[in-house]
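Structure first, then comments.
Residue numbers (my numbering): 1 to 136.
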């Protein structure tokens with residue numbers, strides 16, 4: 001919440017912030033705020049009327065579709081299903097291994113060169129070895 005909104009919504013902070021204003025100035029602020037409130041009420045009412053009209057039109061069209069013995073898929077060519085479905089992500093194919101190393105347990109492992117450097121390779125690099133020594 002912004003500081004301005006915080007002040008407006010707390011009586012004590014609002015009182016402290018408006019102490020220097022005269023009663024006439026406070027009345028002017030109150031009338032402007034009342035005007036903003038009325039405008040917001042009108043905007044919300046208009047949005048509700050538009051939504052209600054849209055819902056009535058959708059219901060009318062559905063009745064016409066059902067009366068004609070059609071389904072939404074018939075009209076839209078199967079592009080619509082009854083439930084919303086998210087497009088499925090295709091899994092990325094794994095990257096081929098570029099490096100081979102032996103871990104602390106003595107097991108031979110591979111690394112693609114992406115992500116965090118394995119501890120065994122990092123220790124070897126810190127000791128002065130080259131990454132090319134691990135290349136496949």
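For each residue, glycine too, the CB sits at the ideal point set by N, CA and C.
Neighbour flag for residue i against chain D, beta carbons, 8 Å
i, result
"residue 115", "Among the chains in the structure shown there is no chain D, since it carries only a single protein chain."
Bridge partners - residue i, DSSP secondary structure assignment
i, result
"residue 102", "108"
"residue 91", "None, per the DSSP bridge assignment."
Backbone secondary structure at residue i - three-state DSSP
i, result
"residue 97", "coil"
Range of the contiguous alpha helix (DSSP H) that encloses residue i
i, result
"residue 9", "3-9"
"residue 122", "119-126"
From the options, residue whose alpha carbon lies closest to that of residue i
i, options, result
"residue 110", "116, 98, 119", "98"
"residue 8", "33, 27, 22, 25", "33"
"residue 136", "122, 113, 118", "113"
"residue 100", "93, 127, 108", "108"
Cβ-heavy atom distance, residue i to the ligand ATP, below 7 Å
i, result
"residue 75", "The model depicted lacks the ligand ATP and carries no ligand whatsoever."
- Message: Threshold first: 4 residues or longer. Then list the alpha helix (DSSP H) segments lying entirely within the region 16-80, N to C.
- Response: List check, alpha helix (DSSP H) in window: 23-67, 72-76.
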